[in-house]
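A.B. asks:
Protein chains: 2
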Amino acid sequence: MNPTETDTSLFKRLRFVLVETSRAGNVGSVARAMKTMGFSDLVLVAPRCADPLQDPEAVAFASGAIDVLSGARIVGSIAEALDGCNFAAAVSARLREFSPPVWSPRELSSHAAGQADLHAAVILGNERFGLPNGIVEGCNVLINIPANPEYSSLNLSQAAQVLAYECRLAAIGENRTQTGVGFQGEAASLAQIEGMYAHLEEALVAIGFLNADNPKKLMPRLKRLFARTQLETEEVNILRGIARHMLGQRRG
Amino acid sequence: MNPTETDTSLFKRLRFVLVETSRAGNVGSVARAMKTMGFSDLVLVAPRCADPLQDPEAVAFASGAIDVLSGARIVGSIAEALDGCNFAAAVSARLREFSPPVWSPRELSSHAAGQADLHAAVILGNERFGLPNGIVEGCNVLINIPANPEYSSLNLSQAAQVLAYECRLAAIGENRTQTGVGFQGEAASLAQIEGMYAHLEEALVAIGFLNADNPKKLMPRLKRLFARTQLETEEVNILRGIARHMLGQRRG
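Protein sequences, first through last, are from chains A and B.
Position 215 (the first sequence) corresponds to 917 in the numbering used here; numbering is contiguous.
Position 116 (the second sequence) corresponds to 818 in the numbering used here; numbering is contiguous.
(1) Taking only beta-carbon atoms, is L716(B) less than 7 Å away from chain A?
(2) Would you kindly work out how many angstroms separate the C-alpha atoms of T931(B) and Q894(B), rounded to a whole number?
(3) Could you tell me whether any Cβ in chain B is nearer than 7 Å to the Cβ of A945(A)?
(4) How long is the line joining the alpha carbons of R870(B) and L865(A), rounded to whole angstroms?
(5) Mapping the DSSP letters down to three states, classify F911(B) as helix, strand or coil.
(6) Among E759(B), S812(B), G778(B), which residue has its Cα nearest to the Cα of A873(B)?
(7) Measure the C-alpha to C-alpha separation of L924(A) and P758(B) and round it to an integer number of angstroms.
(8) Which same chain residues end up closer than 6 Å to A945(A) when comparing Cβ atoms and leaving out the 5 residues on each side of it in sequence?
(9) Between M736(B) and chain A, is the shortest Cβ-Cβ distance under 7 Å, so that the two count as touching?
(10) Please state whether DSSP places G727(B) in a helix, a strand or coil.
(11) Quick check: L784(B) and A733(B), are their CB atoms within less than 7 Å of each other?
(12) Which partner residues of R890(A) appear in the DSSP bridge assignment?
(13) Using C-beta distances below 6 Å, list every residue in its chain close to V883(A), excluding the 5 sequence neighbours before and after it, in chain order.
(14) Looking only at DSSP bridge pairs, what is G832(B) linked to?
(15) Can a CB atom of chain B be found closer than 7 Å to the CB of E896(A)?
(16) On the three-state DSSP scale, how would you describe L949(B)?
(17) Please return the same chain residues whose Cβ sits closer than 8 Å to the Cβ of L810(A), not counting the five positions on each side in sequence.
(18) Who are V843(B)'s beta bridge partners in DSSP?
(19) Going along chain D, which residues have a C-beta under 7 Å from N850(A)?
(20) Could you check if S812(A) belongs to the surroundings of the ligand MG, using beta carbon to heavy atom distance under 6 Å?
(21) Suppose the cutoff is 8 Å on Cβ atoms and the five residues either side in sequence are ignored; what does the same chain contact list for D769(A) look like?
(22) Is the beta carbon of L755(A) sitting closer than 7 Å to the one on S772(A)?
(23) Could you tell me which residues DSSP puts in a beta bridge with A822(B)?
(24) Tell me the DSSP bridge mates of L746(B)?
(25) Taking a cut of 8 Å between CB atoms, which residues from the segment 747-769 of chain B lie near chain A?
(26) Verify whether the separation of the beta carbon atoms of N728(A) and S854(A) is less than 7 Å.
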């Protein structure tokens, strides 16, 4: 892999996704944080403020990043926001029982900079209640910004600034640390992975391992396991092949 | 030097100095940025806003860091602000002709964390015109946050956040690649994993997905997938449960 190519392109491969943001000013501040670090792809999922791209407070806080603010896209669901991405990173100060693996900002940035085919989304939740469990559980990793245990609540745009800063350092090669993950094949898209999970779940019910009426935590546990691996397309196909044969077995 | 001693004490050895800040909201945001990273020593030099420690916008932006905000000291000169410090770092996006040596945030943080007798001040200027040359020239170093050359103007509190973040990482000795991942389960032993592979292979033959006479690369591919995850004992048990039900299906 040509490092220069990778370096320049991370700025095009990283998306910031804000979920249900309440304050328009924070949207503007995030736009500014992104632009100062060279990023521009901003998507808002169901914002809780009216007209966040034109709001005077948003415009004021965006300052010289009006282009990033006005170029932001507003969508209704996290699935739409992740369209085109094959890696999703939830930012949260709160650790959960069925969490994807927890990475530091620096681990995220070095991973993202090192994988030229990675299209990553950094997902930040509402100012007050953060991200819903459903979104976090669907992510590949949970990003935990090291913070004061007595007060770990960074302002939304300040969390975005820290992440954008780390990603810039990695993108310009000031932060090269090897992730050491042997990654050879094409990364599976989130849609492919979701499809595989649905298929697998159906098969696990069919063989009597998963009780559809009392699923317990089986699927979240399996998702957590696979989320750690960054699945390749070929691997998703193998897992679907197994699911298909499990189902065929029952029918046959 | 005892690293633990040094680590804990950097939180007491680092001061943030804001010079001629115009917006009270930024003072509050800086207080929050500092507290989230474990710092509390804030000094304002000749602020250009009335009553910045009580201003409603300052209080709102400080959020859970009211103690840092209300504990800030207001002084009339940079000399007073630096009382008790033996190292001064001016933060500026603008390089100057007669500049002290230019350091990155990370260079500052590792220097400060490594010197137990260093009492350092990080000095940030006005939102519009930055720091006067006279102050910059009197500093030991100039801190330049790596930024987009086309738009390098971080909001004051976001610059403070980046610096506080780097200093926290250095203070807690976090230059490691591994995260804590505290709530992960017990790592499976190699014997457990090998047993699971044998069980899974048998099951895959049983459901007709794996042809024992012509296995191709199926098991090596699955092993490569799982090897990336560092499986936990509980996960190995789940995978064996799936294999058992795949076999049960055939026999039943």
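Positions of the beta carbon are idealized from the N, C-alpha and C atoms, including for glycine.
C.D. replies: Considering the structure as presented:
(1) For the purposes of this step, residue 716(B) is identified with residue 14 of the second sequence, where counting begins at 1. Judged by the 7 Å Cβ criterion, L716(B) is not in contact with chain A.
(2) Against the second sequence, residue 931(B) aligns to sequence position 229. Against the second sequence, residue 894(B) aligns to sequence position 192. Their backbone Cα atoms lie some 15 Å apart in a straight line.
(3) Against the first sequence, residue 945(A) aligns to sequence position 243. So, not an interface residue.
(4) For the purposes of this step, residue 870(B) is taken as the residue at position 168 of the second sequence. For the purposes of this step, residue 865(A) is taken as the residue at position 163 of the first sequence. Taking the straight line from one Cα to the other gives about 15 Å.
(5) Here residue 911(B) corresponds to residue number 209 of the second sequence, with the count starting at 1. DSSP places F911(B) in coil when its eight states are reduced to three.
(6) Stepping through the second sequence from its first residue, residue 873(B) is reached at position 171. Checking every option, the nearest Cα to that of A873(B) belongs to S812(B).
(7) In the first sequence, the residue the question calls residue 924(A) occupies position 222. In the second sequence, the residue the question calls residue 758(B) occupies position 56. Answer to the nearest angstrom: the Cα atoms are 48 Å apart.
(8) Taking the first residue of the first sequence as position 1, residue 945(A) is located at position 243. H901, L902, A905, listed in sequence order.
(9) Translated into positions along the second sequence, residue 736(B) becomes position 34. No, because no Cβ of chain A sits closer than 7 Å to the Cβ of M736(B).
(10) In the second sequence, counting from the first residue as 1, residue 727(B) sits at position 25. Helix at G727(B).
(11) For the purposes of this step, residue 784(B) is identified with residue 82 of the second sequence, where counting begins at 1. For the purposes of this step, residue 733(B) is identified with residue 31 of the second sequence, where counting begins at 1. No, the Cβ-Cβ distance between L784(B) and A733(B) is not below 7 Å.
(12) As a position in the first sequence, residue 890(A) is number 188, starting the count at 1. The sequence shown places Ala at residue 890(A), rather than the Arg named in the question. Its beta-bridge partners do not exist; DSSP assigns none.
(13) Residue 883(A) sits at position 181 when you count from the first residue of the first sequence. The pLDDT assigned to V883(A) is 36, lower than 50, so where the model puts this residue is not dependable, and the model offers no usable value.
(14) Residue numbering aside, residue 832(B) sits at position 130 when the second sequence is read from its first letter. For G832(B), which the question treats as bridged, DSSP gives the partners N828(B).
(15) As a position in the first sequence, residue 896(A) is number 194, starting the count at 1. So no, E896(A) is outside the interface.
(16) Along the second sequence, read from residue 1 onward, the residue named residue 949(B) stands at position 247. Here L949(B) sits in helix by DSSP.
(17) As a first step, residue 810(A) must be located in the first sequence, where it is residue number 108. A791, A822, V824, V843, I845, L865, E868, C869, listed in sequence order.
(18) Counting from 1 along the second sequence, the entry for residue 843(B) is found at position 141. BP columns for V843(B) point to A791(B).
(19) Going by chain labels, chain D is absent from the structure shown, which instead holds the protein chains A and B.
(20) You won't find the ligand MG in this model; it holds no ligand whatsoever.
(21) Against the first sequence, residue 769(A) aligns to sequence position 67. If we look at D769(A) and ignore the five residues flanking it on each side, its Cβ neighbours are K737, S742.
(22) Position 53 of the first sequence, counted from the start, is the residue given in the question as residue 755(A). Position 70 of the first sequence, counted from the start, is the residue given in the question as residue 772(A). Yes.
(23) Taking the second sequence and counting its residues from 1, the one referred to as residue 822(B) is at position 120. L716(B), F789(B).
(24) Within the second sequence, the letter at position 44 stands for residue 746(B). Answer is L720(B), I776(B).
(25) F763, S765, G766, A767
(26) Residue numbering aside, residue 728(A) sits at position 26 when the first sequence is read from its first letter. Residue numbering aside, residue 854(A) sits at position 152 when the first sequence is read from its first letter. Contact: no.
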